[in-house]
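There are 2 protein chains.
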Amino acid sequence: MHFKVRAAAKEDCKDISRMIMELAVYENMADQVKTSHEDLERDGFSPNPFYECLIAEVPDEHKTKDGYTVVGYALYFYTYSTWKGRSVYMEDLYVMPDFRGKGIGTGLMAKVAQVGVEKQCVRLQLSVLEWNKPSLDFYIAKGAEDLTAKEGWHFLRFHGQTLDTLAKEAPKD
Amino acid sequence: MHFKVRAAAKEDCKDISRMIMELAVYENMADQVKTSHEDLERDGFSPNPFYECLIAEVPDEHKTKDGYTVVGYALYFYTYSTWKGRSVYMEDLYVMPDFRGKGIGTGLMAKVAQVGVEKQCVRLQLSVLEWNKPSLDFYIAKGAEDLTAKEGWHFLRFHGQTLDTLAKEAPKD
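Residue numbers (the UniProt record's numbering), protein chains in the order written: chain A, 1 to 173; chain B, 1 to 173.
Right under this line is the structure:
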């Protein structure tokens, strides 16, 4: 199937928001989604954006029964390694179920890699849940190294009350 | 000991670069450091910087035997959760050995949390090697959740040849 991968525009945020929710519903986590398409518009399409996004689009004749032509997205941002320099991190990669197995996921991810390489990024990184074997296998097959398995990296988070408490410990200027 | 935490300026990049190397030497990984202070200047102090950095400074009377007053740093950048929105990620936290146990590490991390909260970030995230028990214990004691242990998150990376190969698979515009 023919598809096109392009940089998301502000007008695509409703489609991106719809697909974020589809992914969360699939994972039985719809109640976890707190971002609206307005948040996505503000955070991705202002100076110093918090993220960038690519979308996959199919021609009108392949639109979904609900009339959608935007059928996948990859959301990413830039990070930094103090040893290696510029890196790119892919936060989400999603393709609507009816459009899988057609190379759209690979196309989106490869484009993230290309955009990163063009910005002199030396790494493309991402995180996967270990029970999500199909995704883990997909990335490994593409050549990704599992640094948690290989080097023992653990991912930690402060949020909610612990984040507020920590912020209040900041020394005065 | 009195210390001050402040945003790094371009002129601090030599100090930051020195401490990045100190940390790598301590870990027997000095050969892994490919970034120079010029890289740090370019990547952190231009429009749309790839990172931000805080440094800890002590008064002149406490300077090191080599004459340094900048004795610690926290390097961080902004990331994005499609479910929760803005987040901040702390890539490095380092305090010179002679200045540990004085609250400087906590002060730097708390300031990163404060800067993040002021930017409406709802998470402060970081990664730790599982054999680095003192650091892991430090973060957990401060309230961090270990998402690799709790939810099974694995951290993956494409780099070098695998990144180039992937980038070449990007669909044509």
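Where is the CB? At the ideal position from N, CA and C, for every residue including glycine.
Rounded straight-line distance, which links the Cα of residue j to that of residue i
i                 : j                    : result
asparagine 132(B) : proline 97(B)        : 16 Å
isoleucine 140(A) : proline 134(B)       : 31 Å
tryptophan 2(A)   : aspartate 173(B)     : Tryptophan is not the amino acid found at residue 2(A); the sequence shown has histidine there. About 12 Å.
tyrosine 80(B)    : leucine 93(A)        : 14 Å
asparagine 28(A)  : histidine 37(B)      : 46 Å
aspartate 60(B)   : isoleucine 16(B)     : 18 Å
lysine 63(B)      : glutamine 161(B)     : 44 Å
tyrosine 26(B)    : phenylalanine 138(A) : 36 Å
aspartate 39(A)   : asparagine 48(B)     : 20 Å
methionine 90(A)  : leucine 126(A)       : 5 Å
leucine 108(B)    : isoleucine 104(A)    : 43 Å
Partners in chain B for residue i, counting only beta-carbon separations shorter than 9 Å
i                : result
isoleucine 20(A) : Thr82 and Trp83
glutamate 91(A)  : Thr79, Tyr80, Ser81 and Thr82
valine 58(A)     : Correct list: empty, because the minimum Cβ distance to chain B is about 13 Å.
Proximal residues to residue i (C-beta, below 7 Å), its chain only, five neighbours per side dropped
i               : result
lysine 84(B)    : Val122 and Arg123
aspartate 12(B) : Ile55 and Val70
Residue j beta carbon less than 8 Å from that of residue i
i                : j                   : result
valine 117(A)    : alanine 167(B)      : yes
tyrosine 76(A)   : glutamate 41(A)     : no
alanine 113(B)   : phenylalanine 50(A) : no
valine 128(A)    : phenylalanine 99(A) : no
glutamate 169(A) : threonine 106(B)    : yes
leucine 156(B)   : aspartate 146(A)    : yes
threonine 165(B) : glycine 143(A)      : yes
lysine 10(B)     : phenylalanine 45(B) : yes
threonine 148(A) : threonine 148(B)    : yes
glutamate 130(B) : glycine 152(A)      : yes
Contacting residues, own chain, Cβ-Cβ under 8 Å from residue i (five flanking each side not counted)
i             : result
arginine 6(A) : Leu54, Ile55 and Glu57
valine 33(A)  : Ile20, Met21 and Ala24
Closer than 7 Å: residue i CB and nearest the ligand NAD heavy atom
i                 : result
tryptophan 131(A) : As presented, the structure is devoid of all ligands, the ligand NAD included, so that no description of it is given.
Within chain B, partners of residue i - CB distance below 8 Å
i              : result
glycine 107(A) : Glu169, Ala170 and Pro171
lysine 63(A)   : Correct list: empty, because the minimum Cβ distance to chain B is about 19 Å.
valine 117(A)  : Leu163, Asp164 and Ala167
Contact list for residue i against chain A, beta-carbon separation under 7 Å
i               : result
glycine 152(B)  : Leu129, Glu130 and Trp131
tyrosine 51(B)  : Tyr80
aspartate 43(B) : Tyr80, Gly85 and Arg86
Residues near residue i by beta carbon distance below 6 Å, same chain, minus five either side
i                : result
lysine 102(A)    : Met1
alanine 30(A)    : Ala24
methionine 19(A) : Tyr73 and Tyr94
lysine 111(A)    : Val5 and Leu54
arginine 86(A)   : Gln120 and Cys121
Contacts of residue i in chain B (Cβ-Cβ under 7 Å)
i                : result
asparagine 48(A) : Asn48
aspartate 39(A)  : Gly85
Interface partners of residue i on chain A, CB under 8 Å
i              : result
alanine 110(B) : Leu166, Ala167, Lys168, Glu169, Ala170 and Pro171
Contacts of residue i in chain A (Cβ-Cβ under 9 Å)
i               : result
arginine 157(B) : Ser87, Arg123, Leu124, Gln125, Leu126, Ala144, Glu145, Asp146 and Leu147
tyrosine 139(B) : Leu156 and Phe158
alanine 24(B)   : Thr82 and Trp83
task = Only counting runs of 4 or more residues, tell me where the alpha helix (DSSP H) segments fall wholly within the region 75-160 of chain A, in order along the chain.
result = The qualifying runs are 104-118, 133-141 and 147-151.
key: 3-residue-minimum beta strand (DSSP E) runs that sit fully inside the region 6-79 of chain A, ordered along the chain   = 52-57
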